[in-house]
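Colleague:
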Amino acid sequence: MARTAPKVERLAEDGEAMTDALGTVLAAAEENGTVTWSDVSDDLTSGEWGRLIESGLLIDADGEGFVIDDPEGVREALEESDAAPSEDDEDSGWSKWDKLAGLATLGLFAGYSMTSVRDVIAGGFIDIFLGPLNDMLPFYAVILVLAIITGTTSTILQDNLMDMSGMGDHQEKMEDLKERRKAAKERDDQEALDRLEEEQMELMTDQMGMFKQQFRPMVWIMLVNIPLFLWLYWIVFGAGVGTSPVITLPIFGEVEAWRNGVAGPIQAWIIWYFLCSLSFTQIIRKALNVETTPTG
């Protein structure tokens, strides 16, 4: 359902007629096993039928009609849409929980500039959970563990909150529009160019909504990552780890202390964290088969 719900939500943004059309097609597919245009032509328009195929919710059944991809997920998404139509903001697609997470993330940013906030978050709360880990492992291994944690949570959140197929569909529409615009110019069809101009404006509006939607997981990712990163900062500068003995980093070689700069002002502990995070995040994405680039 993780990928199905965003697709249904995007259909719902086109109006109640689209969700009604989806419900009609779902009922026909469940009754007959498959559904064809002739089965539902009396209840929805050809444009609505095409939009359902375009969304990826209605897929070809090897020439024997069409079936609903993840019918259980579609049913649950439609029920949620009917039960709580005001849960999401129509303009941004953000729920009240997304907005609360955004506010909390902004509050956590204060920890980078205010020592008192950092001491409360990192030293007074996060250290309760991570302090024992720091006691058991050398600091380079602690950073490695945290990089795995943040990489895993980031991947899971992106997989559940991002719908890259929607962005891929949008890119395909833009390419198709570009080709039709070029053809209209070649035949000097001003009427077609005017229609395509209106269509382009609609696609640009949809694109802004998609950008807002794609930013959703970043709020939750930062809500998890910022406290852990604050704790690392607190440990390095407040608990004496920053003056630890000589360490050896890949590529950069020996560094006298974790808080020393190794790439201009960028300190050793930050470099080591990002090397670990980037490496393990790629491994986790491959292992979980998570796509983070637009797909059609």
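So the sequence shown is numbered by this note's numbering: it starts at 107 and just counts up by one.
In this text, a Cβ means the ideal position worked out from N, Cα and C, and glycines have one as well.
Since this is a predicted model, take the numbers as computed values, not measurements.
#1: Among G139, N138, E119 and V114, which has the Cα closest to the Cα of L128?
#2: Under a Cβ-count criterion, where at least 16 other Cβ atoms within 10 Å of its own Cβ denotes burial, should S144 be classed as buried or exposed?
#3: Is the closest heavy atom of the ligand GTP to the C-beta of K113 under 6 Å?
#4: Where do the ends of the beta strand (DSSP E) carrying V173 lie?
#5: So V180 and L132 are in contact, right, with Cβ under 8 Å, and what is the actual spacing, rounded?
#6: Can you tell me the Cα-Cα spacing of L408 and D148, whole angstroms?
#7: When the Cα atoms are used, what is the spatial distance from A207 to I327?
#8: Kindly list the residues whose CB is nearer than 7 Å to the CB of V173, restricted to its own chain and excluding five residues on each side of it in sequence; keep chain order.
#9: What are the start and end residues of each continuous alpha helix (DSSP H) run of 4 or more residues lying completely inside the region 193 to 267, in chain order?
#10: Please list, in chain order, all residues of the same chain as I390 whose beta carbon is under 6 Å from its beta carbon, the five residues on each side excluded.
#11: Measuring straight from C-alpha to C-alpha, what distance separates E193 and V368?
#12: Applying the criterion that 16 or more other CB atoms from any shown protein chain within 10 Å of the CB defines a buried residue, is D195 buried or exposed?
#13: With distances taken Cα to Cα, identify the nearest neighbour of L381 among I357, R365 and A363.
#14: Among L394, L338 and A363, which residue has its Cα nearest to the Cα of L239?
#15: Exposed or buried, I341, counting other C-beta atoms within 10 Å across all chains shown (16 or more means buried)?
#16: Under the three-state reduction of DSSP, which class applies to G367: helix, strand or coil?
#17: Enumerate in chain order the residues of its own chain whose CB-to-CB distance from G121 is below 8 Å, with the five nearest sequence positions on each side excluded.
Modeller: In this structure, then:
#1: The count along the sequence shown starts at 1 and reaches residue 128 at position 22. L128 has its Cα closest to that of V114, out of G139, N138, E119 and V114.
#2: Sequence index remark: in the sequence shown, residue 144 carries index 38 (1-based). Label assigned to S144: exposed.
#3: You won't find the ligand GTP in this model; it holds no ligand whatsoever.
#4: One-based indexing of the sequence shown puts residue 173 at position 67. Run containing V173: F172 to I174, per the beta strand (DSSP E) assignment.
#5: Start at 1 with the first residue of the sequence shown, and residue 180 comes out as number 74. Start at 1 with the first residue of the sequence shown, and residue 132 comes out as number 26. So it is a contact: roughly 6 Å between Cβ atoms.
#6: No answer is possible for residue 408: the residues shown for the chain start at 107 and end at 402.
#7: As a working note, residue 207 is residue 101 in the sequence shown. As a working note, residue 327 is residue 221 in the sequence shown. Their backbone Cα atoms lie some 10 Å apart in a straight line.
#8: Within the sequence shown, residue 173 is the residue found at index 67, counting from 1. Around V173: A135, T140, I165 and A167.
#9: 202 to 215, 221 to 224, 233 to 242 and 245 to 267
#10: Reading the sequence shown from its first residue, position 284 is the one you call residue 390. G257, T258 and T261, listed in sequence order.
#11: As a working mapping, residue 193 is identified with position 87 in the sequence shown. As a working mapping, residue 368 is identified with position 262 in the sequence shown. Its pLDDT being 43, under 50, E193 is placed unreliably by the model, and the measurement read from it follows with that caveat. Their backbone Cα atoms lie some 48 Å apart in a straight line.
#12: On the sequence shown, position 89 is the one that residue 195 refers to. Confidence in D195 is poor, its pLDDT being 43 and thus under 50, which makes the residue's placement unreliable; the coordinate value appears in the next sentence. Result: exposed.
#13: Position 275 of the sequence shown, counted from the start, is the residue given in the question as residue 381. Selected option, being the one with the closest Cα: I357.
#14: The sequence position of residue 239 within the sequence shown is 133, counting from 1. The shortest Cα separation from L239 among L394, L338 and A363 belongs to L338.
#15: Walking along the sequence shown from the start, residue 341 turns up at place 235. With 16 or more Cβ atoms within 10 Å of its Cβ, I341 is classed as buried.
#16: For the purposes of this step, residue 367 is identified with residue 261 of the sequence shown, where counting begins at 1. G367: strand per DSSP, three-state reduction.
#17: The residue given as residue 121 occupies position 15 in the sequence shown. Excluding positions up to five away in sequence, the list is empty.
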